[in-house]
Amino acid sequence: MLANKRTSASYRLLAPLLIVSTVITHPVTAAAEPEAEATAIERAFDSCGYTFKDLKKLNDHFGRTADVDSSKDDLSFSAEAVRLGNVLMAQAQTQADKTVAANTCAVISDFLLGYVASELMRYQGPEARAEFKIIQELWTGYRDRYARLIATQHTEGATASMIKSTTRQRVTLMRLAELEVLLRDYREQHTPYYADLDPSLKMDVPDPRQVLASLQDGLYERLHLTPEELSLTKVKKEYVETYHEEIEPRLRDIAGNINASAIHWIDIDWDGVPELVCWTEGVSLRAWGAHEYLFIISVPKTGKPEILHAKKLDEGLSRGYRSYRHVRFTSRPNKDAGTNDCLAGLLTYAAYGGSGSTFYNIEIWYNRYSDEIELNEFTTSFPVMVDILQSWR
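What follows is the structure, given as structure tokens:
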């Protein structure tokens, strides 16, 4: 196929950028095994009698003054982190217990910070979202280095480890309070950012979630896990329970649970009618869940929407809470680049592992000779940052 022939050409086009982008742009904690991290969070919550339902209840009320007075301290994520930390420290009896409890407090605070950050990004446009991710990654590096510095001033061993954890938690709580202010303002003044429109579009587009809702059966058929898949010995019993209790209900409303940042309109084939490009980020709540897909959907002015392409993402895709660990989408990366402008979009996502990281890159091409939309995939060991390449033109 033409797309396969383009592989080497595409890589050569991006080669200068790939050489420069040797620094992995994700938080320092992202390389941990996703399942191990998810288990650590669940254990941390269990140890203080907290559940994800409690977190959802807090999120439903926070920043929505029409329901409750969300300015009260007891309805903030930072206050919740402090409360849970107090519960854990009160349970600790020995110095070893206190060290473990301090680390658990840091884990909970870090998780709540990521939760608030992901909620905040739902209200940001593409440029603001990309800038915010960079800021968060730089801040994470600062926090961890600062915690290590403070810990080195104390005796090695349990005391130093405890000081490191408490410092990390304290700095995280300050950042969490800052983001809470932003999230409250966004929720009071804005609605979630639904779709990225191709700048070349000069027309109205339908509500993308209504389009996705009309294709619910076809989307569900691809995303859900079959009884055979759930019965695999590799799938732990608690994951099966989580799937039925949390993920399956979300699969019944795929359109409503896909993150706004994963929905884009692009006129891929230059016919004046944009295609809907989306991937299923947000449907699964944790590191383990349903299948993930990239969809290209035709939305004609008359007639029913149709799925043109359904590209299954790699099973090793790294996920956090309702988001991917690393994902970047660039619309028209080769704009104003001559005949290479038939590249309509580039989706990059990561699969972090214990021995290294793999970044999957899916190109969305328009084959002007066959008048077809094609997908081409290649992998790299570091993220492709097309915005840097574009700045060189």
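Start counting the sequence shown at 0; every next residue gets the next number (numbering that gives the first Met the number 0). Every residue, glycine too, gets a C-beta built ideally from N, C-alpha and C.
Reference residue i, options the options, closest by Cα
i	options	result
Tyr242	Pro226, Ile257, Lys311, Ala254	Pro226
Leu224	Ala212, Leu214, Glu240	Glu240
Tyr365	Thr357, Gly315, Glu274, Leu211	Glu274
Val204	Ile262, Thr378, Phe76, Ser356	Ile262
Gly113	Ile361, Ala91, Trp138, Asn102	Trp138
Glu179	Asn85, Glu362, Ser77, Ile361	Ser77
Gly352	Ala39, Glu314, Arg331	Glu314
Asn94	Glu41, Ala159, Phe110	A quick correction: the sequence has Gln, not Asn, at residue 94. Checking every option, the nearest Cα to that of Gln94 belongs to Ala159.
Leu218	Ile133, Leu229, Glu291, Leu175	Glu291
Ile40	Ala254, Leu111, Leu374	Leu111
Gly293	Arg331, Ile306, Lys311, Thr301	Gly is not the amino acid found at residue 293; the sequence shown has Leu there. Selected option, being the one with the closest Cα: Lys311.
Lys303	Arg367, Ser380, Gln215, Ile253	Gln215
Glu376	Tyr359, Arg174, Ser369, Thr165	Tyr359
Ser46	Thr151, Thr171, Met88	Met88
Val326	Thr301, Thr357, Glu305, Lys300	Thr357
Ile265	Arg331, Thr347, Tyr238	Arg331
Thr378	Ser369, Glu362, Ala146	Glu362
Leu181	Tyr122, Val298, Arg147	Tyr122
One or two residues paired with residue i in a DSSP bridge
i	result
Thr139	Partner(s): none; Thr139 has no beta bridge.
Ile133	The partner list for Ile133 (beta bridge, DSSP) is empty, contrary to what the question assumes.
Glu376	Ile361
Ser356	Tyr351
Arg318	Tyr323
Run of the alpha helix (DSSP H) containing residue i, from where it starts to where it stops
i	result
Arg221	215-222
Glu228	226-229
Thr50	Careful: Thr50 lies outside any alpha helix (DSSP H) and carries neither H nor E.
Arg327	Here Arg327 belongs to no alpha helix (DSSP H); instead the beta strand (DSSP E) covers 326-330.
Lys334	Here Lys334 belongs to no alpha helix (DSSP H), and DSSP marks it neither H nor E.
Tyr238	236-241
Chain B within 9 Å of residue i, Cβ atoms only
i	result
Leu74	Included in the structure is just one protein chain, with no chain B present.
Own chain, CB closer than 6 Å to residue i, minus 5 neighbours either side, in chain order
i	result
Val19	Legend: pLDDT at Val19 = 30, less than 50; position of this residue unreliable, no value from coordinates given.
Asn258	Glu280, Gly281
Ala43	Thr103, Val106, Ile107
Thr232	Note that Thr232 scores 49 on pLDDT, short of 50, meaning its location in the model is unreliable; the coordinates nonetheless yield the value given after this. If we look at Thr232 and ignore the five residues flanking it on each side, it has no Cβ neighbours.
Ser164	Ala101, Asn102, Ala105
Ser170	It is worth fixing the name first, because residue 170 is Val in this sequence and not Ser. Excluding residues within five positions, the ones whose Cβ falls inside 6 Å are Arg142.
Coil, strand or helix - residue i by DSSP
i	result
Leu16	Bear in mind that a pLDDT of 33 at Leu16, under 50, signals an unreliable position, so the model cannot answer this.
Ala91	coil
Ile40	helix
Ala127	helix
Ser369	coil
Ala261	helix
Ser283	coil
Tyr185	helix
Lys97	helix
His60	helix
Val204	coil
Val383	coil
Thr151	helix
Ile162	helix
Val27	The predicted model places Val27 with a pLDDT of 32, which falls under 50 and marks its position as unreliable, so this point remains unresolved.
Tyr122	coil
Ala80	helix
Arg167	helix
Thr103	helix
Lys300	coil
Ser117	helix
Boundaries of the beta strand (DSSP E) in which residue i is found, first to last residue
i	result
Gly344	342-351
Ala254	Where Ala254 is concerned, there is no enclosing beta strand (DSSP E), although the alpha helix (DSSP H) it sits in stretches over 253-256.
Val276	274-278
Glu247	Element bounds for Glu247: not the beta strand (DSSP E) but the alpha helix (DSSP H), 247-250.
His308	305-311
Tyr292	292-297
Own chain, CB closer than 8 Å to residue i, minus 5 neighbours either side, in chain order
i	result
Val27	Low confidence applies to Val27: its pLDDT is 32, below 50, so where it sits in the model is not reliable enough to give any reading.
Cys277	Pro207, Leu211, Ile257, Ala261, Ile262, His263, Leu293, Phe294, Ile296
Val22	Because the pLDDT at Val22 is just 29, under 50, the model does not fix this residue reliably, and the point stays unresolved.
Ile149	Ile162, Lys163, Thr166
Neighbourhood of residue i by C-beta distance below 7 Å, restricted to the same chain and skipping five residues each side
i	result
Ser322	Ser117, Asn258, Glu280, Gly281
Glu245	Leu284
Arg128	Met120, Ser260
Ala309	Arg221, Tyr292, Phe294
Tyr49	Leu83
Thr289	Reading the sequence as shown, one finds Ala at residue 289 and not Thr. Same-chain partners within the cutoff: Leu222, His223, Leu224, Ile246, Leu250, Val282, Ser283.
Ile306	Leu214, Gly217, Phe294, Ile296
Ala80	Ile107, Ser108, Leu111, Leu172, Leu175
His153	Ala159, Ile162
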